[in-house]
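Protein chains: 2
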Amino acid sequence: MKVIKQFPGINRRALLSLATLPLLSTALRSTFAVAQTLDPLPSWNGGVAKSSILDFVARVTTQGGPDFVPVEQRIATFDNDGTLWIEQPMYVQLAFALDRVKVMAPMHPEWKTKQPFAAVLDGDFKALAASGEKGLVEIIAVTHAGMTTAEFEKITSDWLATARDHRFGRPYTELVYQPMLELLAYLRANGFKTFIVSGGGIEFMRPWTQRIYGVPPEQVVGSSIKTRFELKDGAPTLFRLPEVNFIDDKTGKPIGINEHIGHRPIAAFGNSDGDLEMLQWTTLGASGPRFGLLVHHTDAEREYAYDRHSHFGKLDTALDAAAVNRWTVVDMKKDWKRVFAFD
Amino acid sequence: MKVIKQFPGINRRALLSLATLPLLSTALRSTFAVAQTLDPLPSWNGGVAKSSILDFVARVTTQGGPDFVPVEQRIATFDNDGTLWIEQPMYVQLAFALDRVKVMAPMHPEWKTKQPFAAVLDGDFKALAASGEKGLVEIIAVTHAGMTTAEFEKITSDWLATARDHRFGRPYTELVYQPMLELLAYLRANGFKTFIVSGGGIEFMRPWTQRIYGVPPEQVVGSSIKTRFELKDGAPTLFRLPEVNFIDDKTGKPIGINEHIGHRPIAAFGNSDGDLEMLQWTTLGASGPRFGLLVHHTDAEREYAYDRHSHFGKLDTALDAAAVNRWTVVDMKKDWKRVFAFD
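Same order as they appear, the protein sequences are chains A and B. Residue 64 is where the first sequence starts when you use the numbering used here, and the numbers rise one by one after that. Residue 64 is where the second sequence starts when you use the numbering used here, and the numbers rise one by one after that.
Encoded structure:
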């Protein structure tokens, strides 16, 4: 009776709801326990990079603290190629396009003697490189346009399910960085909404980002081509046109973020000069706590080592900017206990 | 002591958490009560429109039922002008643009004799209409471009805080339809993610959609102009250019939905021919339950009555399509107990 007296509001309904308390408190306690006692980033070695992340998240989530940020403003943006999955020896989407040219070749006998297609079919990368950006645009046009969005989703999904990276002999969706998956989950567990902001094709990523990264289609920003709406036999379709709509790279990243998200992120994660403006937009000239991070590929043994002179994922001016702006630079070799889940 | 004995697991921490129980249980109980016993759409009169909404939501949320839809696919899109707030005697954003011309006029003495600006300053709507779309584009260019996104947000927010609709004498943000606010909340309470998909300017809406509709900036799709990224004294800005980027109307709506959301909605709400393709994209040629709804403005007394021959918000081919496709048509006069919260 004593306890009842201490809680005069307790009645039959409250006692009934007490029956659900163990469930609630288990959920609360397990969240609490993970946050308090388990390492939320087990694939990260201790050091400046890891502690800068933990410190930032602690500051923005400490209610009543000077750096507290309300949940609706906890927006974090992640580049994809080289930040969440591999981009060497070439962007995965380019590997898709080259494979696709080979699949389509029997229907295009003229490609045997026509560049840049002949170069792709002959595996002649020197000739392919010589065809330059114009050649690349032609390849993207024939492999990415001329079908509905639903058809393109099926083509890319089928390819991703069967294609294997040559060096690792694994599907590309397994060549995602385990420490970054943990970081995505850790931020979400702390109230962040996580977005992908990639130079890659928006419709190339969306079919699998939920399953692999936990990021739903509506939180993916990327490059796109134009589409045309058509009613075909009463069924609406979007037909993919061979015309660029938006390039979500360099200055395109803050523009894409503004267009899709509509407010500035408080944290941004990249790995190349293509991410420079996204990190500037996120961290500079803004009030309140901000966080910028660059993944520096330093591990030729477990993955690849490249930066200032790389063809894909060049990290040069952004690396210099990181020092000036106090962005965290992750040394993959030193800071990551493992790179892939299978390591 | 008796109670403690009945709950042997109770210790000091549990007693502490008991202190938070009243808060938790109040929240749980009120959600439960609303869902179970209170009418979730109190401003809707009984009838076909209301029951079609309740029936659809019941079907897609019934676990194990034939029409169950997982939460991540419960996407609902809402037009804004004429669907969530008024669009007569003209779109609110046009009222903003005309007011803005007047504010800017002292810095542009040449406007006194230059169309379409002279027409705006003289309140000569016949001359303004005569300037056509070209005139309108000129007005939008000077009022919506030539400043940073942050400056534009301040200009529009200040205007919305002070501007009053002539007929109702109220801020535009009070001229939102109470039944539709209830519908937005009801869908969210049932696991839907609610998006705005409007022909209006995306950056005109975003500063207030969270507060008024409960829709965050990242769930607003709209028309936009191009922006340019600039570093000014080390601070990044996006400068608004007098160049159209995207028109989110008619066939632009499914294109915008695909670009921003990346999957098809299962429910769409509009009021005009500009929403026809959004409702087609949502409801036709797709498997599983789909819902389309048009608000038909039939109440000249409490709001406005218009459809097939209206200059703003013309509802003609979409009204015919509704009959063919079994979309719900809301008769404002008959179906809505009140139009505005202040009714």
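C-beta atoms are modelled at their ideal positions from N, C-alpha and C, and glycine is treated no differently. Quick caveat, the model's predicted, so the values are computed rather than measured.
- Neighbours of residue 301 (chain A) in chain B, taken as residues whose beta carbon is under 9 angstroms from its own, are 317, 318, 321, 344 in chain order.
- The residue from B:329, B:267, B:296, B:239 with its alpha-carbon nearest to that of residue 220 (chain B) is B:267.
- When DSSP states are grouped into helix, strand and coil, residue 207 (chain A) belongs to the helix group.
- Within the region 323–335 of chain A, 323, 324, 325, 326 place their CB atoms closer than 7 angstroms to a CB of chain B, listed in sequence order.
- Annotated three-state conformation of residue 242 (chain B) is helix, per DSSP.
- In the three-state reduction of the DSSP assignment, residue 313 (chain A) falls in the coil class, being assigned neither a helical nor a strand state.
- In this structure, the alpha-carbon of residue 306 (chain A) lies about 44 angstroms from that of residue 105 (chain A).
- With 16 or more other CB atoms across the displayed protein chains lying within 10 angstroms of its CB, residue 260 (chain A) is buried.
- Between residue 318 (chain A) and residue 290 (chain B), the beta carbon gap of about 5 angstroms places them in contact (Cβ cut-off 8 angstroms).
- About 6 angstroms separates the Cβ atoms of residue 370 (chain B) and residue 382 (chain B), confirming a contact at the 8 angstroms cut-off.
- Listed along the chain, the chain B residues whose CB falls inside 7 angstroms of the CB of residue 292 (chain A) are 314, 317, 318, 340.
- The DSSP assignment places 315–323, 339–346 as complete runs of the alpha helix (DSSP H) inside the region 311–360 of chain A, in order along the chain (cut-off: 4 residues).
- Under DSSP, residue 258 (chain B) takes part in a beta bridge, and its partners are B:140.
- Under the three-state reduction of DSSP output, residue 393 (chain A) falls in the strand class.
- Contact between residue 282 (chain A) and residue 302 (chain A) does not hold, since the beta-carbon distance rounds to 25 angstroms and is not under 8 angstroms.
- Here residue 146 (chain B) carries a coil assignment [DSSP, helix/strand/coil].
- Looking only at B:173, B:137, B:239, the smallest Cα-Cα distance to residue 146 (chain B) is reached by B:239.
- Per DSSP, residue 237 (chain A) has no beta bridge partner at all.
- Contact check for residue 242 (chain A) against residue 344 (chain A) fails: the beta carbons are separated by 9 angstroms or more.
- Contact between residue 149 (chain A) and residue 256 (chain A) is absent: CB atoms are separated by about 25 angstroms, not below the 8 angstroms threshold.
- Annotated as distal: residue 277 (chain B) and residue 142 (chain B), with beta-carbon spacing of 9 angstroms or more.
- When the five nearest sequence neighbours on each side are left out, the beta carbons in the same chain lying within less than 6 angstroms of the beta carbon of residue 358 (chain B) are those of 146, 334, 393, in order along the chain.
- The way I'd put it, the region 110–123 of chain B doesn't touch the region 222–238 of chain B; fewer than three beta-carbon pairs between them come closer than 8 angstroms.
- With respect to the 9 angstroms criterion, residue 284 (chain A) and residue 324 (chain A) are classified as neighbours on the basis of their beta carbons.
- Membership of residue 267 (chain B) in the alpha helix (DSSP H) is indicated by the continuous run 265–276.
- Close to chain A, meaning a Cβ-Cβ distance shorter than 9 angstroms, are the following residues of the region 184–213 of chain B: 212.
- Around the C-beta of residue 404 (chain B), fewer than 16 other C-beta atoms lie within 10 Å, and the residue is accordingly described as exposed.
- Looking at the DSSP output, residue 368 (chain B) bridges to B:361.
- In the assembly as shown, residue 172 (chain B) is an exposed residue. Its beta-carbon has fewer than 16 other beta-carbons within 10 Å.
- Residue contact with chain B for residue 371 (chain A): absent (no Cβ-Cβ distance below 9 angstroms to any residue of chain B).
- Residue pairing by DSSP puts residue 301 (chain A) in a beta bridge opposite A:292.
- For residue 215 (chain B), the closest alpha carbon among the candidates B:163, B:245, B:374 is that of B:163.
- Pairing residue 207 (chain A) with residue 288 (chain A) gives a Cβ-Cβ distance under 9 angstroms.
- Linking residue 320 (chain B) to residue 380 (chain B) through their CA atoms gives a straight-line distance of about 21 angstroms.
- Taking a C-beta distance under 9 angstroms as the contact criterion, residue 251 (chain B) and residue 326 (chain A) do not qualify as a contact pair.
- For residue 373 (chain B), there is no enclosing alpha helix (DSSP H), as DSSP marks it with neither H nor E.
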